[in-house]
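Going line by line, the protein sequences match chains L and Y.
Position 27 (the first sequence) corresponds to 27 in the UniProt record's numbering; numbering is contiguous.
Position 234 (the second sequence) corresponds to 234 in the UniProt record's numbering; numbering is contiguous.
Quick reminder that beta carbons are idealized off the backbone N, C-alpha and C, glycines included.
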Amino acid sequence: MPLTVLIALVVLGIAGVALLIHTTGLSQPCRFTTEAEARAAWTREFPLTDVTGVTLCRSGRAALIATPNGPGVVWPMGADSTARKLTNARVTPRDGGLTLHLSDYAAPTVRLYLDPDETALWAERIGTT
Amino acid sequence: MSDQITFPDVVQLAVPFFIAAILAELLWIRVSGKGGRYETRDAITSLLMGAGNVTAGIALGFIAWGFFMYLWGLTPLDLGTAWWVILLCFVLDDLRYYWVHRFGHRIRWVWASHVNHHSSQHYNLTTALRQTWTYTFTFMMVVRAPLILLGFHPALVLFCGGLNLIYQFWIHTETIGRMPKWVEAVMNTPSHHRVHHGRNARYLDANYAGVFIVWDKMFGTFVPELDKEKPDYGLVHNLGTFNPIRVAFHEWVGIWHDVTQPGLSLRDRLMYCVAPPGWSHDGSRETSDQIKTRHLAAHPEQRGTPGF
Ligand SMILES: [Zn+2]
Ligand SMILES: [Zn+2]
Numbered sequence: 001m002p003l004t005v006l007i008a009l010v011v012l013g014i015a016g017v018a019l020l021i022h023t024t025g026l027s028q029p030c031r032f033t034t035e036a037e038a039r040a041a042w043t044r045e046f047p048l049t050d051v052t053g054v055t056l057c058r059s060g061r062a063a064l065i066a067t068p069n070g071p072g073v074v075w076p077m078g079a080d081s082t083a084r085k086l087t088n089a090r091v092t093p094r095d096g097g098l099t100l101h102l103s104d105y106a107a108p109t110v111r112l113y114l115d116p117d118e119t120a121l122w123a124e125r126i127g128t129t
Numbered sequence: 001m002s003d004q005i006t007f008p009d010v011v012q013l014a015v016p017f018f019i020a021a022i023l024a025e026l027l028w029i030r031v032s033g034k035g036g037r038y039e040t041r042d043a044i045t046s047l048l049m050g051a052g053n054v055t056a057g058i059a060l061g062f063i064a065w066g067f068f069m070y071l072w073g074l075t076p077l078d079l080g081t082a083w084w085v086i087l088l089c090f091v092l093d094d095l096r097y098y099w100v101h102r103f104g105h106r107i108r109w110v111w112a113s114h115v116n117h118h119s120s121q122h123y124n125l126t127t128a129l130r131q132t133w134t135y136t137f138t139f140m141m142v143v144r145a146p147l148i149l150l151g152f153h154p155a156l157v158l159f160c161g162g163l164n165l166i167y168q169f170w171i172h173t174e175t176i177g178r179m180p181k182w183v184e185a186v187m188n189t190p191s192h193h194r195v196h197h198g199r200n201a202r203y204l205d206a207n208y209a210g211v212f213i214v215w216d217k218m219f220g221t222f223v224p225e226l227d228k229e230k231p232d233y234g235l236v237h238n239l240g241t242f243n244p245i246r247v248a249f250h251e252w253v254g255i256w257h258d259v260t261q262p263g264l265s266l267r268d269r270l271m272y273c274v275a276p277p278g279w280s281h282d283g284s285r286e287t288s289d290q291i292k293t294r295h296l297a298a299h300p301e302q303r304g305t306p307g308f
């Protein structure tokens, strides 16, 4: 197959599939509706860590997890979720919340969508890591 | 003479079929409301990983090819291209695939490349195309050396490898439950491969087969899909990025960080490269064996059941 044909096929194929998936409404990110959901998503990643508290933000787009070894965060990844412990985390303010900077190549930043009153609380809790 | 033989690049030729099958699966899921899940960013990442894999093959393929042609120059054997030679080559190359894939899960240096394929939390036809960009750097082309030295022409071996990859495309789906009994007994199927993509303790390090599941049964790595335990797809530690470059290189970066940390012995540094994924010098992480042991400690009644 000529390279130009292959490239055209791949580009159009990816764009077409992406457009079709998006237009059928499958871009909706996962939301945690309850603390129990957020806790379950955390435990799926860290089954050995004791959870001493769960702070779900109002947008449902992240939860702060309290553990005996410091806080962690669980957040949606597309239709699913992932989680990280907040060791060496840095937090910077952003319009509509905070940005978490993790020292993790596979999870470099997490956007937190928080109300103003939540922002202060989360910044304080994370700021100590 | 047979230095001149050429086989079509079947993987490139299969691209239109891949796209058509993905569209068909997507429509089937939308119409029937069952048989799997799609999510936009996950699918785009998988497809870009596939495109990058083909690109890497075009850019770096000459390294493996040069190695194979060097071996071809050494061997006095030439089996030619009779139909039975092609068939035999396909079966033996599938055995080669089994071992490369097993190394891919048990040796971190090889896992750094193969982890890409397991980095989606979805399991659909786009997941099949989520392929590594860094296979050349695993040096796993050496596992094919015996085939070339036995007299299978490098072009024939790559042709069979391409067919193998195409076969594995269709099994990345939840739209198919179980195939007829004899198919499940001999061939790798959606059911067997769903197990391979599971991060459940039970399903870790199982079903390495490419085309024929018999290799897993022969070498003791077969685990059947249990109706009462649905595979939970993804990595033991799932990624927090859809960026294809990070997906492609994250485990290599992880190796680098581990190997270069201060205060380690030379042996520790080496182990971070070649020990099973999850090995750590201070025991702060878990390998799949340790995950299984811990699971059994919590669920002793499952001892002796498939995967444990
Ligand atoms: Zn695998
Ligand atoms: Zn697979």
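Among the options, which one has its Cα closest to the Cα of residue i?
i: Arg-194 (chain Y); options: Y:Ser-280, Y:Gln-121, Y:Cys-89, Y:Pro-277; result: Y:Gln-121
i: Arg-44 (chain L); options: L:Val-73, L:Ile-126, L:His-101; result: L:Val-73
i: Glu-174 (chain Y); options: Y:Val-10, Y:Phe-7, Y:Ile-29; result: Y:Ile-29
i: Lys-85 (chain L); options: L:Met-77, L:His-101, L:Gly-97, L:Pro-93; result: L:His-101
i: Ala-145 (chain Y); options: Y:Lys-292, Y:Cys-89, Y:Ser-284, Y:Thr-241; result: Y:Cys-89
i: Trp-122 (chain L); options: L:Glu-37, L:Thr-4, L:Leu-56, L:Gly-78; result: L:Leu-56
i: Leu-12 (chain L); options: Y:Phe-7, Y:Val-10, Y:Asp-9, Y:Leu-23; result: Y:Leu-23
i: Ala-15 (chain L); options: Y:Phe-17, Y:Gln-168, Y:Thr-40, Y:Gly-198; result: Y:Thr-40
i: Tyr-70 (chain Y); options: Y:Arg-303, Y:Gly-151, Y:Val-110, Y:Val-274; result: Y:Gly-151
i: Arg-130 (chain Y); options: Y:Thr-260, Y:Arg-267, Y:Ala-43; result: Y:Ala-43
i: Lys-230 (chain Y); options: Y:Val-253, Y:Ala-209, Y:His-196, Y:Asp-205; result: Y:His-196
i: Thr-109 (chain L); options: L:Trp-42, L:Ala-62, L:Met-1, L:Ile-21; result: L:Ala-62
i: Pro-262 (chain Y); options: Y:Gly-66, Y:Val-142, Y:His-281, Y:Val-85; result: Y:His-281
i: Glu-25 (chain Y); options: Y:Pro-180, Y:Val-274, Y:Pro-16, Y:Arg-37; result: Y:Arg-37
i: Gly-104 (chain Y); options: Y:Pro-224, Y:Ala-298, Y:Gly-210; result: Y:Gly-210
i: Ser-81 (chain L); options: Y:Trp-182, Y:Met-218, Y:Gly-234, Y:Val-10; result: Y:Gly-234
i: Phe-18 (chain Y); options: Y:Tyr-208, Y:Ala-128, Y:Trp-182; result: Y:Ala-128
i: Phe-169 (chain Y); options: Y:Lys-181, Y:Met-179, Y:Leu-125, Y:Ala-51; result: Y:Leu-125
On the three-state DSSP scale, how would you describe residue i?
i: Arg-94 (chain L); result: strand
i: Trp-279 (chain Y); result: coil
i: Lys-217 (chain Y); result: helix
i: Val-11 (chain L); result: helix
i: Lys-292 (chain Y); result: helix
i: Tyr-98 (chain Y); result: helix
i: Val-186 (chain Y); result: helix
i: Leu-112 (chain L); result: strand
i: Met-103 (chain Y); result: The question names Met, yet the displayed sequence has Phe at residue 103 (chain Y). Three-state result, Phe-103 (chain Y): helix.
i: Gly-36 (chain Y); result: coil
i: Ser-2 (chain Y); result: Per-residue confidence for Ser-2 (chain Y) stands at a pLDDT of 46, beneath the threshold of 50, marking its modelled position as unreliable; no derived number is given.
i: Asp-9 (chain Y); result: coil
i: Gly-198 (chain Y); result: strand
i: Phe-212 (chain Y); result: strand
i: Ala-38 (chain L); result: helix
i: Leu-3 (chain L); result: helix
i: Pro-306 (chain Y); result: coil
i: Glu-286 (chain Y); result: coil
i: Ser-27 (chain L); result: coil
i: Asn-238 (chain Y); result: coil
i: Ser-120 (chain Y); result: coil
i: Asp-50 (chain L); result: coil
i: Ile-176 (chain Y); result: coil
i: Val-91 (chain Y); result: helix
i: residue 310 (chain Y); result: One cannot answer for residue 310 (chain Y) here, as it falls past the ends of chain Y, which runs 1 to 308.
i: Val-22 (chain L); result: Note that residue 22 (chain L) corresponds to His in the displayed sequence, not to Val. Correct three-state label for His-22 (chain L): helix.
i: Phe-137 (chain Y); result: helix
Where do the N-terminal and C-terminal ends of the beta strand (DSSP E) with residue i fall, by residue?
i: Gly-61 (chain Y); result: Per DSSP, Gly-61 (chain Y) belongs to no beta strand (DSSP E); it is in the alpha helix (DSSP H), 40-74.
i: Leu-26 (chain Y); result: First-last for Leu-26 (chain Y): 15-32, but that is the alpha helix (DSSP H), not the beta strand (DSSP E).
i: Thr-126 (chain Y); result: Looking at the DSSP string, Thr-126 (chain Y) is not in any beta strand (DSSP E); the run it does join, the alpha helix (DSSP H), is 125-129.
i: Tyr-233 (chain Y); result: That residue, Tyr-233 (chain Y), is in no beta strand (DSSP E); it is neither H nor E in DSSP.
i: Tyr-203 (chain Y); result: No beta strand (DSSP E) holds Tyr-203 (chain Y); DSSP gives it neither H nor E.
What residue does the alpha helix (DSSP H) around residue i start on, and which one ends it?
i: Gly-127 (chain L); result: 116-127
i: Ala-112 (chain Y); result: 108-114
i: Ala-82 (chain Y); result: Taken as a continuous stretch (DSSP letters only), Ala-82 (chain Y) belongs to no alpha helix (DSSP H), as it is neither H nor E.
i: Gln-261 (chain Y); result: That residue, Gln-261 (chain Y), is in no alpha helix (DSSP H); it is neither H nor E in DSSP.
i: Phe-159 (chain Y); result: 154-170
i: Asp-268 (chain Y); result: 266-274
i: Leu-147 (chain Y); result: 145-149
Under the criterion of a Cβ to heavy atom distance below 6 Å, does residue i qualify as lining ligand 3?
i: Cys-30 (chain L); result: Ligands displayed in this structure: ligand 1 and ligand 2; ligand 3 is not among them.
ask   = According to a CB-to-CB cut-off of less than 9 Å, which residues of the region 76-87 of chain L neighbour chain Y?
value = Met-77, Gly-78, Ala-79, Asp-80, Ser-81, Thr-82, Ala-83, Arg-84
inquiry  = So if I threshold CB-CB distances at 8 Å, which residues from the region 17-47 of chain Y count as touching chain L?
reply    = Phe-18, Ile-19, Ile-22, Leu-23, Leu-26, Arg-30, Arg-37, Tyr-38, Glu-39, Thr-40, Arg-41, Asp-42, Ala-43, Ile-44, Leu-47
key: Residues from the region 22-38 of chain L in contact with chain Y, defined by Cβ distance under 8 Å   = His-22, Thr-24, Leu-26, Ser-27
inquiry  = Please list, in chain order, the residues of the region 5-17 of chain L that have any C-beta partner in chain Y closer than 7 Å.
reply    = Leu-6, Leu-9, Val-10, Gly-13, Ile-14, Val-17
ask   = Using a beta-carbon distance cut-off of less than 8 Å, what residues from the region 107-125 of chain L approach chain Y?
value = Ala-107, Pro-108, Val-110
The region 86-104 of chain L: positions lying closer than 9 Å to chain Y by Cβ = Leu-102, Asp-104
task = Mind listing, in chain order, the continuous alpha helix (DSSP H) runs of no fewer than 4 residues lying wholly within the region 52-107 of chain L?
result = none
message = If the cut-off is 8 Å on Cβ atoms, which residues from the region 209-237 of chain Y count as contacting chain L, listed in chain order?
response = Asp-232, Gly-234, His-237
ask   = Just by C-beta distance, which residues in the region 257-286 of chain Y are closer than 9 Å to chain L?
value = His-257, Glu-286
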